[in-house]
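Reading through the structure tokens given below for one structure.
Numbering (the working numbering), first residue to last: 13 to 110.
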């Protein structure tokens, strides 16, 4: 697979990040990883995904605004990673059926 866009969702917390990929082509998340809360771990995950999807892969990372503020955003964009911060009100919420 070359020249595709892979979306990387990041559930970020003070102690850990949970990372998951998603592509329009597969319409599902295949690769998931829980890491210590360090932007370098995100960079490692992207490099791992690059070995699967190819060197021409375009990554778009996103996380919900919260405890980390803009710190993670700046760390990733300083390393040329396309990153967006999502407002909590735009996040899809799973309904519990109550």
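In this text, a Cβ means the ideal position worked out from N, Cα and C, and glycines have one as well.
Grab me the residues of residue i's own chain with a C-beta within less than 8 angstroms of its C-beta, minus the 5 sequence neighbours each way, in chain order.
i	result
residue 74	19, 20, 21, 22, 95, 96, 97 and 98
residue 15	66, 68, 69 and 70
Check each candidate in the options and name the one with the smallest Cα separation from residue i.
i	options	result
residue 47	29, 87, 79 and 76	29
residue 36	79, 71, 100 and 101	71
residue 17	56, 61, 91 and 100	61
residue 93	55, 101 and 82	55
Report the partner residues of residue i according to the DSSP bridge assignment.
i	result
residue 74	21 and 96
residue 29	24 and 47
residue 63	In DSSP, residue 63 forms no bridge with anything.
So, for residue i: in the same chain, excluding its five sequence neighbours on each side, which residues have a beta-carbon less than 7 angstroms away from its beta-carbon?
i	result
residue 26	49 and 79
residue 77	97, 98, 99 and 100
Assuming residue i and residue j make a contact with CB atoms under 8 angstroms, what is their CB distance in whole Å?
i	j	result
residue 87	residue 51	4 angstroms
Can you list, in chain order, the residues of its chain with a C-beta nearer than 6 angstroms to that of residue i? Leave out the 5 residues immediately preceding and following it.
i	result
residue 34	19 and 41
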